[in-house]
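Below is one structure, written out as structure tokens; comments come after it.
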Amino acid sequence: MTEVTDLASGKGHTDENFPVASFLLRPEHRAPVMAYYRFARAADDISDNAQASPETKLELLAQMRAGLDGKGAPEAMALAEVMKARQIDPIHAHDLLDAFVRDVTVTRYSDWDALIGYCRLSAMPVGRYVLDVHGESRETWPANDALCAALQIINHLQDCAEDYRELDRVYIPLDTGLRIEDLGEARATSALRAILTDLVGRTRQLLDSSAAFAEQIRDRRLAAEVAAIHRLALGLCDRLEARDPLSERVHHGKVEAGWIALGAALPVLFRRAA
261 MTEVTDLASG KGHTDENFPV ASFLLRPEHR APVMAYYRFA RAADDISDNA QASPETKLEL
321 LAQMRAGLDG KGAPEAMALA EVMKARQIDP IHAHDLLDAF VRDVTVTRYS DWDALIGYCR
381 LSAMPVGRYV LDVHGESRET WPANDALCAA LQIINHLQDC AEDYRELDRV YIPLDTGLRI
441 EDLGEARATS ALRAILTDLV GRTRQLLDSS AAFAEQIRDR RLAAEVAAIH RLALGLCDRL
501 EARDPLSERV HHGKVEAGWI ALGAALPVLF RRAA
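Residue numbers (the working numbering): 261 to 534.
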């Protein structure tokens, strides 16, 4: 019988495009954030495994859900303990599992609204969980939701060729006029580049909506991390407009990302400390 650990990718929190439980967070908050990350990483590895059958994936994701409610996958059981101890709503974890189930069962999105609907499950709960760990007001949720959706869409645009070639998943809305087979080409066609540029423009609107997010957060260290993430997202939008994700690297290198993040985080830390 296949176990959750059998599909582990080996990817860790330092391999993600955006900071996860970075040194900016207070130590007492880092551990519960990491518990959520390990849960999310295990579920993501299940849904993204190119060899496992859909039936196996759904069975393992059911084990993850069982762990949230009692006995099941250890990563889920560990997160359930953290959520219970901190009185955090488990909906953030259940929504995320719904997104991974959707990844197994849905491979195309008709329009932008459908894609944002997916982000409501796959991205927004992540930020909401982190905010709840820090005891932040739920009035911050609209800005959080806009930023998290933007991060998710940026990841989709960066990885559009890989998602299609390896998993037959297409997150680019079909009403854009996308020719799906173009994602299998060595280089993006002019039509695909135009579609990606338009989607980057819509993503920038989400980032504009979340521009004041860091200022809404009481915890200055979390505010600094959010500012860093926002700046990294803007930089990736610039790259997606200038580079072809089918043939060129879009991701920031670790050193480059570190400098960009620090440049955004330090002013927040110093301003709040004054």
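Ideal Cβ placement from N, Cα and C applies to all residues, glycine included.
Spatial neighbours of residue i in its chain, beta-carbon cut-off 6 angstroms, leaving aside the 5 residues before and after
i              : result
alanine 484    : Leu284, Ala525, Val528, Leu529
methionine 268 : The sequence given here has alanine at residue 268, not methionine. Cβ neighbours of alanine 268 beyond the five flanking positions: Asp305.
methionine 337 : Gly327
alanine 340    : Leu328
glutamate 335  : Arg298, Phe299, Ala302
glutamate 426  : Ala310
alanine 451    : none
aspartate 363  : Ser307
aspartate 423  : Arg429
leucine 407    : Ser470, Phe473
isoleucine 413 : Thr463
histidine 352  : Pro385, Arg388, Tyr389
glutamate 445  : none
alanine 502    : none
Supposed contact pair residue j and residue i - C-beta distance, whole angstroms, cut 8 angstroms
i             : j             : result
tyrosine 369  : tyrosine 378  : 7 angstroms
aspartate 371 : aspartate 428 : Going by Cβ atoms, the distance from aspartate 371 to aspartate 428 rounds to 20 angstroms, so no, they are not a contact pair.
leucine 318   : valine 366    : Not quite, the Cβ-Cβ distance comes to about 13 angstroms (not below 8 angstroms), so this is no contact.
leucine 506   : leucine 417   : Contact flag wrong, Cβ pair sits at about 11 angstroms.
threonine 463 : cysteine 497  : 6 angstroms
alanine 410   : serine 382    : The pair is not a contact, with the Cβ atoms about 13 angstroms apart (cut-off 8 angstroms).
leucine 357   : leucine 320   : Not quite, the Cβ-Cβ distance comes to about 11 angstroms (not below 8 angstroms), so this is no contact.
Extent of the continuous alpha helix (DSSP H) run through residue i
i             : result
valine 414    : This sequence places isoleucine at residue 414; valine is not what is there. Isoleucine 414 -> alpha helix (DSSP H) spans 401-418.
threonine 316 : 314-329
leucine 339   : 334-346
aspartate 305 : 287-308
proline 385   : 384-393
alanine 256   : Because residue 256 is not part of the residues shown, which for the chain are 261 to 534, the question remains open.
Own chain partners of residue i with C-beta closer than 7 angstroms, once the 5 adjacent residues on each side are dropped
i              : result
alanine 333    : Val264, Ala302, Gln323, Met324, Gly327
leucine 494    : Leu467
arginine 531   : none
isoleucine 376 : Ala409
proline 292    : Val342, Arg346, Val393
arginine 286   : Arg481
alanine 517    : Leu492
Neighbourhood of residue i by C-beta distance below 8 angstroms, restricted to the same chain and skipping five residues each side
i              : result
serine 242     : Lying outside 261 to 534, the shown extent of the chain, residue 242 is not represented and no answer is given.
leucine 522    : Ala488
lysine 331     : Met337
asparagine 404 : Met384, Gly387, Arg388, Leu391, Ser470, Phe473
threonine 400  : Leu391, Phe473, Gln476, Ile477
valine 486     : Leu407, Phe473, Ala474, Ile477
tryptophan 519 : none
Discussion item. As an exercise, report each continuous beta strand (DSSP E) stretch of at least 3 residues that is fully enclosed by the stretch 436-487, in chain order.
Written reply: none
Practice prompt. Jot down the residue ranges of each uninterrupted alpha helix (DSSP H) in the stretch 493-530, minimum 4 residues, whole runs only, in chain order.
Written response: none
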